[in-house]
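Each remark here refers to the structure printed beneath this line.
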Amino acid sequence: MPPRVSWRSFWLMILGCISLGGCSSLPELKDAPRSYKLTSAPDSLIAGYLAEPLAGHPGQSGVLPLFEGLDAMVARLALIKSAETSIDLQYYIFRNDDTGRLLAWQLLDAADRGVRVRLLLDDTASVNIDRQLAVMASHPNVSVRLYNPSSHRTLRALSFVTDFGRMNHRMHNKSLTVDNRLSVVGGRNIGNEYFSNDEDVEFGDLDVLLTGPVVEQVSDQFDAYWNGSNTYPVELLTEHPVQSDELAAMYDQIANQKRQLEEHPYIQRLTKSPLLRHMADNRLEWFWGEAKVLADPHDKREGQAEAWMITPLLDEFQQTRERLVIISPYFVPTTEGVRLLTGLAKRGVAVTVITNSLAATDVLAVHSGYKGYREALLRAGVSLYEVKATGKRPSHSWKGSSRSSLHAKSFLFDDDRLFVGSFNFDPRSAWLNTEMGVMVNQGELNQKIHAWLPQFLTNKTYQVKLGSDGLYWHELSSGKDIYAEPQAGFWRRFMADVLALFPLESQL
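Numbered per the UniProt record's numbering, the sequence shown spans residues 1 to 508.
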């Protein structure tokens, strides 16, 4: 049994670290090789697959929405399986669960075929998997890098004490690009809950599959991060070099895990996906138009706001003339955001906000930062909807997440423009984290989502209203009015009220 460390010793250690400016430092970053996007040959499988649809829409980008978690997983697996030249992945979270392992196995299979694989993760995504990542990176065709890593690899949270200013900035970007010809961009991280493979939690999310000129832009932003000064090869951060037999041992472990997963119901569901058949038959229903990547610079914390993606996004808000829909799971508008939205409403723009209810949110502090702005928004004429916590277990706990939660991040501008990406309408996305997404000028897709919204709002949300006695929640499906935060128990409501007393807004 290892010796126990007393609380006094623990706090003395932390104080010592602070006084010394940190117990450890990051290695010098001088020899990390630079690399850039690789495009597959014109006669490659994916190039041939896309030749006809691209030829019919010269200069335009194709966009295919991925609403369902199962489809989003099928798309990623199919892209990786089809790769011949390069695979680039950039994610905030990459869990070591069934879906994470499925993707990792496919990445190693692709590397065995000679495909170059580059995996870029935010350092918070790699907690407890440094060794696995380093072993993967020992494959000659695999490189793994971590964004803004902690200098304390064992006590990772210690860096937030000794180096909070740096560690508070995270890479929230999410993309997968294959052969520089197809990309998936959107709100999903890698984990069971994002791909309909978790019995306890289901995140409703949205990605888009992209082809055409916009894919070059996705690759360019990936290269900027990959070669940036905040990105470290994982092998520089591991305590002990990877031994020659560790990769072989990983392959043995993968073989055993594959056998165990073969009969898993989730695998059967994937094989029956309609999207898989449509992809195999080249019958994807692309929406064609102009698409542009919006992304923060990799060194956002060191730069000026003019270069941040919040600037062009605000331009899109200001240019809206008729209607605006904000879909944001974490919605903390701040005083400035309320001013923006109320100004639009006064100009006659129909503003609708869809976010998580207290019972549905997986981050209680975010709700505490949002709740105080509801009345001002409603008084200005903004329509406000909160997503229900669906499933067998309403969220009574103050610390756990609900069974179902909104995670999609999308803005619909008028009838002809939409944004899909990682950006939440909150201070963290605007000022702290790096974010990315794609702005699409495509009226048909915009209107398709608008047509879907009424049914979604009726079945899945409460409309927040303002009465003479304050806020109440109208359930559209039943017509009932509810006069307390619905589906949320006493302790959850109490903790949201307590957290609202603290000056946390800038961190939310």
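Positions of the beta carbon are idealized from the N, C-alpha and C atoms, including for glycine.
- request: Work out the CA separation of A307 and A500 for me, nearest whole Å.
  value: To locate residue 500, count along the sequence shown from 1; it is residue 500. To locate residue 307, count along the sequence shown from 1; it is residue 307. Their Cα atoms are separated by approximately 32 Å.
- prompt: Thinking C-alpha only, which one of A408, R339, Q90 is nearest T318?
  reply: Start at 1 with the first residue of the sequence shown, and residue 318 comes out as number 318. For clarity, residue 318 is Gln in the given sequence; the question names Thr instead. For the residues A408, R339, Q90, the minimum Cα distance to Q318 belongs to R339.
query: Taking the continuous alpha helix (DSSP H) assigned at S82, which residues delimit it?
result: Stepping through the sequence shown from its first residue, residue 82 is reached at position 82. Segment 69 to 82, the alpha helix (DSSP H) holding S82.
message: By the three-class DSSP mapping on this structure, what secondary structure does Y232 have?
response: Taking the sequence shown and counting its residues from 1, one reaches residue 232 at position 232. In this structure, Y232 counts as strand in the three-state DSSP scheme.
field: Nearest residue (CA-CA) to T238, options W226, A137, D245, G204
entry: The count along the sequence shown starts at 1 and reaches residue 238 at position 238. The candidate whose alpha carbon is nearest that of T238 is A137.
query: What does DSSP give as the partner residues of N180 in its beta bridges?
result: Here the question's residue 180 lines up with position 180 in the sequence shown. Bridge partners of N180: none, in fact.
- request: Taking all protein chains shown into account, decide if G165 is buried (16 or more other Cβ within 10 angstroms of its Cβ) or exposed.
  value: The count along the sequence shown starts at 1 and reaches residue 165 at position 165. By the neighbour-count rule (16 or more Cβ atoms within 10 Å), G165 is not buried but exposed.
message: Let's see if you can read the secondary structure: which residues bound the alpha helix (DSSP H) around M279?
response: Along the sequence shown, one-based indexing puts residue 279 at 279. Element bounds for M279: 274 to 280.
query: Comparing alpha-carbon positions, which option in E316, R379, A430, F490 lies nearest T342?
result: The residue you call residue 342 lines up with position 342 of the sequence shown. Checking every option, the nearest Cα to that of T342 belongs to R379.
- prompt: Around the Cβ of T458, are there at least 16 other Cβ atoms within 10 angstroms (buried) or fewer (exposed)?
  reply: For the purposes of this step, residue 458 is taken as the residue at position 458 of the sequence shown. Under this definition T458 is an exposed residue.
message: Output needed for I129: all residues of its chain with C-beta closer than 6 Å, excluding positions within five of it in sequence on either side, in chain order.
response: Against the sequence shown, residue 129 aligns to sequence position 129. Closer than 6 Å at the Cβ level, and outside the excluded window around I129, lie N96.
message: Using 8 Å as the threshold, is the C-beta distance between E386 and Y462 below it?
response: Counted from its first residue, the sequence shown places residue 386 at position 386. Counted from its first residue, the sequence shown places residue 462 at position 462. Yes, the pair counts as a contact, with Cβ atoms nearer than the cut-off.
Where the beta strand (DSSP E) containing F287 begins and where it ends: Numbered from its first residue, the sequence shown carries residue 287 at position 287. Residues 287 to 295.
query: To the nearest whole angstrom, what separates the beta carbons of I190 and F94, a pair I think is in contact under 8 Å?
result: Here residue 190 refers to the residue found at position 190 of the sequence shown. Here residue 94 refers to the residue found at position 94 of the sequence shown. Correct: roughly 4 Å between the Cβ atoms.
message: What ranges does the beta strand (DSSP E) occupy inside the region 100 to 143, keeping only unbroken runs of at least 3 residues that lie completely in it?
response: 116 to 122
query: Is the beta carbon of L209 less than 8 Å from the beta carbon of L182?
result: Along the sequence shown, one-based indexing puts residue 209 at 209. Along the sequence shown, one-based indexing puts residue 182 at 182. Their beta carbons are under 8 Å apart, which means L209 touches L182 by this criterion.
Start-end ranges of the alpha helix (DSSP H) lying completely within the region 168 to 227, minimum 4 residues: 213 to 226
message: So, at 6 Å on beta carbons, what are the nonlocal neighbours of D426 in its own chain, with the 5 sequence-adjacent residues on each side left out?
response: Here the question's residue 426 lines up with position 426 in the sequence shown. Only Y330, V332, L508 meet the Cβ criterion.
query: Using the beta-carbon count (16 or more within 10 Å), is K258 buried or exposed?
result: Along the sequence shown, read from residue 1 onward, the residue named residue 258 stands at position 258. Result: exposed.
field: Start-to-end residues for the alpha helix (DSSP H) that takes in N256
entry: Counted from its first residue, the sequence shown places residue 256 at position 256. Per DSSP, N256 belongs to the alpha helix (DSSP H) from 246 to 261.
- request: Give the DSSP-derived three-state secondary structure of G21 in the structure shown.
  value: In the sequence shown, the residue the question calls residue 21 occupies position 21. The predicted model places G21 with a pLDDT of 42, which falls under 50 and marks its position as unreliable, so this point remains unresolved.
task: Would you be able to state if there are at least three C-beta pairs under 8 Å between the region 434 to 442 and the region 319 to 329?
output: no
field: Same chain, Cβ closer than 6 Å to A78, five either side skipped, listed in chain order
entry: On the sequence shown, position 78 is the one that residue 78 refers to. Once the five neighbours on either side are set aside, the close Cβ partners of A78 are M279.
message: Please report the distance separating the alpha-carbon of G59 from that of N180.
response: Mapped onto the sequence shown, residue 59 falls at position 59. Mapped onto the sequence shown, residue 180 falls at position 180. Rounded to whole angstroms, G59 to N180 spans 16 Å at the Cα level.
query: Taking the runs of the alpha helix (DSSP H) that are 4 residues or longer, which of them lie wholly in the region 294 to 327?
result: 310 to 319
- request: Following the continuous beta strand (DSSP E) through I242, name the residue where it begins and the one where it ends.
  value: Numbered from its first residue, the sequence shown carries residue 242 at position 242. According to the sequence provided, residue 242 is Val. The question's Ile does not apply to it. It is not in any beta strand (DSSP E) - V242 carries neither H nor E in the DSSP assignment.
field: Straight-line Cα distance separating V184 from Y49
entry: Counting from one through the sequence shown, the residue named residue 49 turns up at place 49. Counting from one through the sequence shown, the residue named residue 184 turns up at place 184. Taking the straight line from one Cα to the other gives about 17 Å.
field: Residues bridged to A408 (per DSSP)
entry: Start at 1 with the first residue of the sequence shown, and residue 408 comes out as number 408. DSSP lists no partner for A408.
Nearest-angstrom Cβ-Cβ length linking L313 and F419, presumed shorter than 8 Å: Here residue 313 is taken as the residue at index 313 of the sequence shown, counted from 1. Here residue 419 is taken as the residue at index 419 of the sequence shown, counted from 1. About 7 Å; that satisfies the 8 Å criterion.
task: Check each candidate in A111, D207, F203, L176 and name the one with the smallest Cα separation from K388.
output: On the sequence shown, residue 388 is found 388 positions in, with the first residue counted as 1. For K388, the nearest C-alpha among the options comes from F203.
message: Give me, in chain order, the residues of the same chain whose beta-carbon lies closer than 6 Å to that of S506; leave out the 5 immediate sequence neighbours on both sides.
response: Along the sequence shown, one-based indexing puts residue 506 at 506. Only P427 meet the Cβ criterion.
field: In DSSP terms, what D469 is bridged to
entry: Taking the sequence shown and counting its residues from 1, one reaches residue 469 at position 469. None; D469 has no bridge partner.
message: Going by beta-carbon coordinates alone, are R269 and L103 separated by less than 8 Å?
response: Translated into positions along the sequence shown, residue 269 becomes position 269. Translated into positions along the sequence shown, residue 103 becomes position 103. In this structure, L103 does not lie closer than 8 Å to R269 by Cβ.
Rounded separation between E193 and G187 - CA only: Counting from one through the sequence shown, the residue named residue 193 turns up at place 193. Counting from one through the sequence shown, the residue named residue 187 turns up at place 187. Distance between the alpha carbons of E193 and G187: 12 Å.
- prompt: Roughly how many angstroms separate the alpha carbons of P2 and T154, rounded to a whole number?
  reply: Residue numbering aside, residue 2 sits at position 2 when the sequence shown is read from its first letter. Residue numbering aside, residue 154 sits at position 154 when the sequence shown is read from its first letter. Low per-residue confidence applies at P2: pLDDT is 42, beneath 50, and the placement is therefore not dependable, though the value from the model is reported in the following sentence. Cα to Cα, P2 sits roughly 16 Å from T154.
task: From the DSSP output, in three-state form, read off F419 for me.
output: As a working mapping, residue 419 is identified with position 419 in the sequence shown. Three-state DSSP puts F419 in a strand.
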